[in-house]
Amino acid sequence: MQHACYASFGYLVTSFFAISSQCGTPEELKELIDALHCTGPTVLLDIVHSHACKNDLDGINEFDRTDHFHFHEGGNLKGRHVLLDSHLFNYGMSRFLLSDL
38 MQHACYASFG YLVTSFFAIS SQCGTPEELK ELIDALHCTG PTVLLDIVHS
88 HACKNDLDGI NEFDRTDHFH FHEGGNLKGR HVLLDSHLFN YGMSRFLLSD
138 L
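So for the sequence shown, the numbering used here puts the first residue at 38; every next one is plus one.
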């Protein structure tokens, strides 16, 4: 998934419907996965659905100009991942989170 901070190992997701630009184009990623499948290994993708980047400009935080549509309201401890300085999803968002699988 696309993310803004490469030091986060991809865990501060900014776009849930795009592969990381480090993986090349979507077609290049498909070719890589197809080539790997031909040699036998299983390919696993780490999908991050517990939290997301808190950035306003490149993430979905305040996408609708509120802080509570995607995440827990008010940025309180219930809605923050303190260690990663990211926002935790309001799990009323399950349809959104599952739609990128």
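Note that the Cβ used here is the ideal one computed from N, Cα and C, for glycine as well.
>> Please report the straight-line C-alpha distance between histidine 118 and proline 78, rounded to a whole angstrom.
In response: 34 Å
> With which residues is alanine 89 paired in a DSSP beta bridge?
Replying inline: His124
> Are the CB atoms of alanine 72 and histidine 124 nearer to each other than 9 Å?
Replying inline: no
> Under a three-way DSSP split, which group does threonine 62 fall into?
Replying inline: coil
> Nearest to aspartate 122 by CA position, among Ser87, Val80, Ile70, Phe54, is which residue?
Replying inline: Ser87
> For histidine 118, which of helix, strand or coil comes out of DSSP?
Replying inline: strand
>> What does the Cβ neighbour count give for histidine 74, buried or exposed, with the cut at 16 atoms within 10 Å?
In response: exposed
> Just the Cα atoms here: how many angstroms apart are phenylalanine 108 and leucine 134?
Replying inline: 12 Å
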